[in-house]
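Written out below as structure tokens is the structure these notes cover.
Residue numbers (this note's numbering): 25 to 246.
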């Protein structure tokens, strides 16, 4: 069962401004990545369901977060059907992120009052997702659309909260372009938690990088 309500999760996404995305099959390495992000100031992590037995890794990771990292909110990404969403919610997922918009996932998550963020690419999809209770829409792949897409959506629909993912970089230029266009928060995957960091097990470097990104976001929002 989720520890945090969908309203709490949505507010944390807005406050932090950044959601790290990550997957690895090694549980102990995953714990160290999560701790590094936590030490850097992040209070969110999207564990992407992209490998065999990913749910087992997530279950262990969430137990670790609950026991050792107070306030850390774990969710799951790359979910493509309601059965998978339900499986992860039974393991305590606090939010579900999807690459596509599916009403069956919306129903499953709403039943348990768990935040779900569907991948949308048109205003019609966004409107339908919001009609089904979506708090924050995922724009994916964001680099296909660009910041101007968000600015255009926010014109007629200023209440819409959008999280671009894919094509966002941990730089002042990139983060400024998305946030100034009206993004509520951004999703950062391999551009933040790089293969190089994982290969070198440079967890101190990851902590510093996360802290730097969060500082950039704070400065942009001033």
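By construction, the Cβ of each residue, glycine as well, lies at the ideal position given by its N, Cα and C atoms.
What you are looking at is a predicted structure, and each value in this text was computed from that prediction instead of being measured.
Item, Value
"8 Å contact criterion, which residue 97 and residue 161 should meet: CB distance rounded", "Actually they are not in contact, since the Cβ atoms of residue 97 and residue 161 sit about 18 Å apart, beyond 8 Å."
"Pair within 8 Å by beta-carbon distance, residue 163 and residue 181", "no"
"Beta-carbon separation (whole angstroms), residue 70 vs residue 100, contact threshold 8 Å", "7 Å"
"Three-state secondary structure assigned by DSSP to residue 211", "strand"
"Nearest residue (CA-CA) to residue 104, options 49, 117 and 122", "122"
"Backbone secondary structure at residue 133 - three-state DSSP", "helix"
"Residue 31 classed as buried or exposed, judged by whether at least 16 other C-beta atoms fall within 10 angstroms", "exposed"
"Other residues of its chain near residue 211: CB distance less than 6 Å, five sequence neighbours each side excluded", "43, 45, 187 and 189"
"For residue 109 and residue 133, the rounded distance between their alpha carbons", "7 Å"
"Beta-carbon gap between residue 213 and residue 221 smaller than 8 Å", "no"
"Beta-bridge partners of residue 119, as assigned by DSSP", "139"
"DSSP bridge partner residues for residue 71 (one or two, in chain order)", "46 and 100"
"Of the residues 240, 156 and 52, the one placed nearest residue 200, counting alpha carbons only", "240"
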